[in-house]
Amino acid sequence: MTALILARHYLRATFRSKLATLINAIQPIMFLVLFGPLFARSGIGSWDVLVPGLLMQLTLMSAGLAGFGIYVDRRFGAFERLRVTPAGRTSLLLGRVLRDIVVLLVQAVLLLAIGFVLGLRVPPAGLLLGLVLLVVLAIGLASLSYAIALVMPDELFPPVATTAVVPLMLLSGALLPMSLAPAWLDVLSRFTPFRHVVEAVRAFFAGSYVTPVVGWGVLTGVLFLVVGVVVGTRLFHRENA
Amino acid sequence: MIHVNALTKTFTTKKGTVEAVRGLDLHVAAGEIVGFLGPNGAGKTTTLRMLTTLLKPTSGTATVAGHDLVAEPTEVRRRIGYVAQGNTVAPMALVGEELELQARLYGLGRAEAKDRVAETLRALDLAGLEGRPAGALSGGQRRRVDIAMGLLHKPKLLFLDEPTTGLDPQSRAYLWDYVRKLREEEGMTIFVTTHYLDEADALCDRILIIDHGRIVTEGSPADLKAELGPSATLDDVFLHVTGRELRENTAV
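Here the protein sequences come in this chain order: R and B.
Position 69 of the first sequence, counting from 1, maps to 68 under numbering that gives the first Met the number 0, and the rest follow consecutively.
Position 1 of the second sequence, counting from 1, maps to 0 under numbering that gives the first Met the number 0, and the rest follow consecutively.
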C-alpha cells in the first residue's frame, strides 16, 4: 500500500512535466524514425527486429538510469526525510520502481504507436509477452540502478551510469542483431543479460513463443528481476544508505 | 522521553577508525526543550542520526519515545519528528504534494492528510503556498515547510537539527516562538541543535554540550552561566568546556 502511495506521488510529479517524459523517449523515437527506414530497406531485418531493440534501448535508458532519482533526492535531503518515516524500506524502493514501470510503459506505447504507423505488425500475444518480459527486466534493472546510486558517491553515479548504458545497449544487439557481429563480439554479448532478453522479445514479436531463445530470455529476465530486487531491498534496509 | 546509556558510534574510514560518539549518556524528560550543543565534529549530528534511527549505534542502549531504538525502529519513527539540517524538499517539488505524501507515510488517509496539511500550513503561516514549488519560496518559508514535514503526524518528540541556520532574524524569532508554542500547547518534547547560543539560552530548559563524542557539561542555561561567573554568557560556557581550537576539519 505504501509503495502505491509513493508511486502515485512520483507519477503525479513525473507526468506534470509531460515534455520531460517525451524527451526521455526521444532518442529511441529518433532511431525509429530516422534509422528505421534505412534498417528495414537494408535487408538486415524488418520493423519487428528493430522495434524490440529500441524498446530495450528505452528500458536501459529509463530503468537503467532510474538511480538518478535517488541521487537528486539525496542531494536535496528528501531521501533522508523519507527514511525517518515509518514507511517500509522495501516500499521506499518499490514505490519508485512502480513509477518507473508506468513511465516506461507509456513511452513504450508511444514508440510502438509510431512503429505501427511506419509498418510494424506484431501478433497481439507476442506484443503483450514482449512488453511483460521488458517490464520484468526493467523492475530488476531499476532496483539495481537505485541500489548502485545508494552506495556510490554522489559525484560518481551520473558519469558511471550514463557511461555504462551505451556499451550495454550496443552489446545487447538492440540496434543491430549480434548475429552480424564478429565472433569475439558475439561471445562477449552473450555474457550480458540484455542480449538474451532482446532476442526473446524479437521472437515474441515474430510470433514464436516456445523456443530456446525465448527460454533463455525469460530465464535471464526473471533472474535479473530476482537479483535486482533482492540487492535493492537489502541496500534500502542498510543503515546509512 | 529519551534515555541513552553508554551509546557509541565508530566509523571505519580509509584513514582508520573514528569514534564519533563515545559512551554517551543522556536523559530527556517529557515536555522538555533541550539544546544539544557542540563544536563541529563533536558528535552532534551522529548522535542525532542515531536517535532518529538513521544510524545504528555500535554499542550501548537507547529508548526513544518509549521504544528501543535498535529493536523497534519503526515504532520510534512513528512517534518522532525530525527536521534535518538544510532543506529537505527538492526545489521542483510542490509544497502541498510533498506534505501530503509525508502525512500519508505516517498512515493518515487521503482526506485526513489533506486536512492535516492545511492545518499545519496555517499554523506555520504558509497557507496558500500548497501549489508552489519549494524552490520558489523564500528561505524562511522553505525552512518552515521542512518543519511542517516533521510535525504533520503530531509527534511526541521533535528533533530539530540547526533549524534556524541561514535565516533572517524575523524568521528565526518566528520559529523559536513556534517551538515554544508546540511545547506549551501540545506538550511536545523538543531536542534541538543550534550554533546560535543566545537562542539556545533563551529557548532551552536544559543544555547538553558534547565534545569529542562525550557530554562535557549539562544543566540549565542559568546554572551553567552561574558556575562560570556573574557576567558569563552561554558562549563563555561553551568555549570554557570545549576550548578555542578550530574544529572545521574534524566533522564526521
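Positions of the beta carbon are idealized from the N, C-alpha and C atoms, including for glycine.
Treat the numbers as computed from the prediction; the structure is a model and nothing was measured.
For the alpha helix (DSSP H) holding His239(B), just list the boundary residues, first then last. Per DSSP, the continuous alpha helix (DSSP H) segment holding His239(B) begins and ends at 233-241.
Within 9 Å of chain R by C-beta, residues of the segment 79-90 of chain B in sequence order: Those residues of the segment 79-90 of chain B that come within reach of chain R (Cβ to Cβ, closer than 9 Å) are Ile79, Gly80, Tyr81, Val82, Ala83, Gln84, Gly85, Asn86, Thr87, Val88, Ala89, Pro90.
Supposed contact pair Ile189(B) and Phe35(B) - C-beta distance, whole angstroms, cut 8 Å: The C-beta separation of Phe35(B) from Ile189(B) comes to about 10 Å, leaving the pair out of contact by the 8 Å criterion.
With a threshold of 7 Å (Cβ to nearest heavy atom), would Leu179(R) be considered close to the ligand NAP? This structure simply doesn't include the ligand NAP, nor any ligand for that matter.
Rounding to the nearest angstrom, what Cα-Cα distance links His194(B) and Gly40(B) in this structure? It is roughly 13 Å from the alpha-carbon of His194(B) to the alpha-carbon of Gly40(B).
Within chain R, the residues that Met0(B) reaches when beta carbons sit closer than 8 Å: Result: empty, since nearest Cβ-Cβ is about 17 Å, beyond 8 Å.
Listed by chain order, chain R residues near Met187(B) by CB distance under 7 Å: Close partners of Met187(B) in chain R (Cβ separation under 7 Å) are lacking, with about 16 Å as the shortest Cβ gap.
Assign Thr57(B) to one of three DSSP states: helix, strand, or coil. Here DSSP, grouped into helix, strand and coil, assigns Thr57(B) to coil.
Quick check: the Cα distance between Leu49(R) and Arg143(B), rounded to an integer number of angstroms? For Leu49(R) and Arg143(B), the distance between alpha carbons rounds to 52 Å.
Tell me which residues share the same chain as Val240(B) and place their Cβ nearer than 8 Å to its Cβ, disregarding the 5 neighbours each side in the sequence. Result list for Val240(B): Ile208, Asp210, Val215, Thr216, in chain order.
Is Gly212(B) buried or exposed, if buried means 16 or more other CB atoms sit within 10 Å of its CB? Classification for Gly212(B): buried.
Contacting positions in the segment 27-61 of chain B - beta carbon closer than 9 Å to chain R: Answer in chain order: Arg48, Thr51, Thr52, Leu53, Leu54, Lys55.
With a cut-off of 8 Å on the beta carbons, I'd call Gly149(B) and Leu157(B) a contact; round off their distance for me. That pair is a contact at about 6 Å.
What would DSSP say about Glu74(B), mapped onto helix, strand or coil? The answer is helix: DSSP assigns Glu74(B) an H, G or I state.
For the putative contact between Val200(R) and Gly139(R), defined by C-beta atoms under 8 Å, what is the C-beta separation to the nearest angstrom? Rounded, the Cβ-Cβ distance is 15 Å, inconsistent with contact.
Starting from Leu170(R), trace the alpha helix (DSSP H) in both directions and tell me its first and last residue. 156-171 is the span of the alpha helix (DSSP H), which, as asked, contains Leu170(R).
To the nearest angstrom, how far is the alpha carbon of Leu127(R) from that of Gly76(R)? Going by the C-alpha atoms only, they are around 39 Å apart.
Residue interval of the alpha helix (DSSP H) (run including Ile100(R)): Boundaries of the alpha helix (DSSP H) around Ile100(R): 88-117.
Closest by CA to Gln169(B), which one among Asp24(B), Ser58(B), Ser137(B), Pro154(B)? Comparing alpha-carbon positions, the option among Asp24(B), Ser58(B), Ser137(B), Pro154(B) lying closest to Gln169(B) turns out to be Ser137(B).
Ile100(R) burial status per 10 Å Cβ neighbour count (16 or more: buried): Burial call: buried.
Based on the DSSP secondary-structure assignment, which residues constitute the bridge partners of Val20(B)? Under the DSSP definition of a beta bridge, Val20(B) partners with Lys8(B).
Across which residues does DSSP place Arg306(B) in a beta bridge pair? This structure cannot settle anything about residue 306(B), because the visible part of chain B is limited to 0 through 251.
Quick one: any contact between the segment 20-40 of chain R and the segment 111-120 of chain R, if contact means 3 or more CB pairs under 8 Å? When Cβ pairs closer than 8 Å are counted between the two stretches, the segment 20-40 of chain R is seen to touch the segment 111-120 of chain R, the count reaching three or more.
Round the Cβ separation of Leu98(B) and Ala133(B) to the nearest angstrom and send it over; I've been treating them as touching at under 8 Å. About 10 Å separates the beta carbon of Leu98(B) from that of Ala133(B), a gap too long to meet the 8 Å contact definition.
Please check if any C-beta of chain R sits within less than 8 Å of the C-beta of Glu111(B). Chain R, which has no Cβ nearer than 8 Å to the Cβ of Glu111(B), makes this no.
Does any residue of chain R have a CB that is nearer than 8 Å to the CB of Arg76(B)? Yes, contact with chain R.
Considering Cα atoms alone, identify which of Ala28(B), Glu74(B), Leu123(B) is closest to Gly139(B). Minimum Cα-Cα distance from Gly139(B) among the listed residues Ala28(B), Glu74(B), Leu123(B) corresponds to Leu123(B).
Looking only at C-alpha atoms, which of Leu155(R), Phe223(R), Met177(R), Pro122(R) sits nearest to Tyr208(R)? Ranked by Cα distance from Tyr208(R), the options Leu155(R), Phe223(R), Met177(R), Pro122(R) are led by Pro122(R).
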